[in-house]
Amino acid sequence: MNGLLPSLTLAYCLDLVFGDPQWFPHPVRFIGLLIDKGEKTIRKYLSSELVAGTILTVGLTLVSYFAVDALIK
């Protein structure tokens, strides 16, 4: 545990200095894009936020799962 705090501090400082490269296709940015596009599409067809949110959540969870599953096989 004693070595963890300096490592986390160094990692935090490096992240502040360098950050994430904008050109790198990070999975979190892709998921955010899917959420944005999926929400706009679902809101066109459904007025119930509960149903729309459930569809979006389940759909994105399945897409994420199968994408990772395909990558690691």
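This note's numbering numbers the first residue of the sequence shown as 402 and each following residue consecutively.
Glycine is no exception: its CB is placed at the ideal position from the N, C-alpha and C atoms.
Bear in mind the structure is a predicted one, so any value in this text is a computation, not a measurement.
Where the alpha helix (DSSP H) through residue i begins and ends
i	result
LYS474	Taken as a continuous stretch (DSSP letters only), LYS474 belongs to no alpha helix (DSSP H), as it is neither H nor E.
ASP437	428-446
SER449	Counting along the chain, SER449 falls outside any alpha helix (DSSP H), and DSSP gives it neither H nor E.
ASP421	Careful: ASP421 lies outside any alpha helix (DSSP H) and carries neither H nor E.
Expected contact under 8 Å - CB spacing of residue i and residue j to nearest Å
i	j	result
LEU457	GLY439	5 Å
LEU435	VAL464	7 Å
Inter-residue Cα distance where the pair is residue i and residue j
i	j	result
GLY460	SER449	16 Å
LEU415	GLN423	16 Å
LYS411	LYS445	Residue 411 is actually Leu in this sequence, not Lys. Approximately 46 Å between the Cα atoms of the pair.
PRO407	VAL429	26 Å
HIS427	ILE473	16 Å
VAL452	ASN403	47 Å
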